[in-house]
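According to my numbering, the sequence shown is numbered sequentially starting from 125.
We put the CB at the ideal spot given by N, CA and C, even for glycine.
The block underneath contains the structure these notes are about, expressed in structure tokens.
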Amino acid sequence: MSRKDFFWEYTDEPHATRRREILAKYPQIKKLFGYDWRISLQFAATVFVQIFMAYMVRNMSWTELFIMTYVVSGTLNHSLSVGLHELSHNLAFGPHRPLANRLLGFFANLPMGVPTFITFKKYHRDHHKYLAVDGWDPDLPTRFEAKLFSSA
Numbered sequence: 125m126s127r128k129d130f131f132w133e134y135t136d137e138p139h140a141t142r143r144r145e146i147l148a149k150y151p152q153i154k155k156l157f158g159y160d161w162r163i164s165l166q167f168a169a170t171v172f173v174q175i176f177m178a179y180m181v182r183n184m185s186w187t188e189l190f191i192m193t194y195v196v197s198g199t200l201n202h203s204l205s206v207g208l209h210e211l212s213h214n215l216a217f218g219p220h221r222p223l224a225n226r227l228l229g230f231f232a233n234l235p236m237g238v239p240t241f242i243t244f245k246k247y248h249r250d251h252h253k254y255l256a257v258d259g260w261d262p263d264l265p266t267r268f269e270a271k272l273f274s275s276a
């Protein structure tokens, strides 16, 4: 597999284009930019619901446990993952309080069982730094991934 095995578009970066279009149509969205400490309240509520659920499902049958885990806990974990993305940009307490953002990330990561926050933050920052640069952007598939998931 090589670079020529993929379809590459040499156009404007789609996020930037879409951002310009949205801001031109809805300039009031700019008021929503920046960090907001209230996200920490959403994290706390989600984490405590997960802990409470762990207690509540202790006597359920395997079928009920599977359904609760898949539907409710899966949804809440996805919500936490999206929130961890925001924390990787320091959007809870701002760039001047990185330790507070990091500690909130550790806390929000608790119900997931696997500590992913720090690793995600590193690779996500690299993704932004090297966006679409072959060999450097960690979101681009490796040779192995391309072969494994290629339908060609």
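* Asked: From what residue to what residue does the alpha helix (DSSP H) around Phe167 run?
  -> 163-180
* Taking three-plus beta-carbon pairs below 8 Å as touching, is the segment 167-175 in contact with the segment 191-211? -> yes
* **Top-ranked residue by Cα proximity to Leu234, from Ala169, Leu215, Leu264, His213** => Ala169
* Residue range of the alpha helix (DSSP H) that includes His213 -> Where His213 is concerned, there is no enclosing alpha helix (DSSP H), given that its DSSP letter is neither H nor E.
* To do: Answer with buried or exposed for Asn183, where buried requires no fewer than 16 other C-beta atoms within 10 angstroms of its C-beta.
  => exposed
* To do: Tell me whether Val257 sits in a helix, a strand or coil according to DSSP, three-state version.
  => coil
* To do: Quick one: residues in its chain with C-beta nearer than 7 Å to the C-beta of Pro222, no 5 flanking neighbours on either side, listed in chain order?
  => Asn214
* Applying the criterion that 16 or more other CB atoms from any shown protein chain within 10 Å of the CB defines a buried residue, is Phe241 buried or exposed? -> buried
* Closest to Tyr179 by CA distance: which of Val238, Thr193, Phe167 is it? -> Thr193
* Asked: Got a sec, what are the start and stop residues for the alpha helix (DSSP H) Lys271 sits in?
  -> 267-273
* Asked: Going by other Cβ atoms of all chains shown within 10 Å of its Cβ, with 16 needed for buried, is Lys245 buried or exposed?
  -> buried
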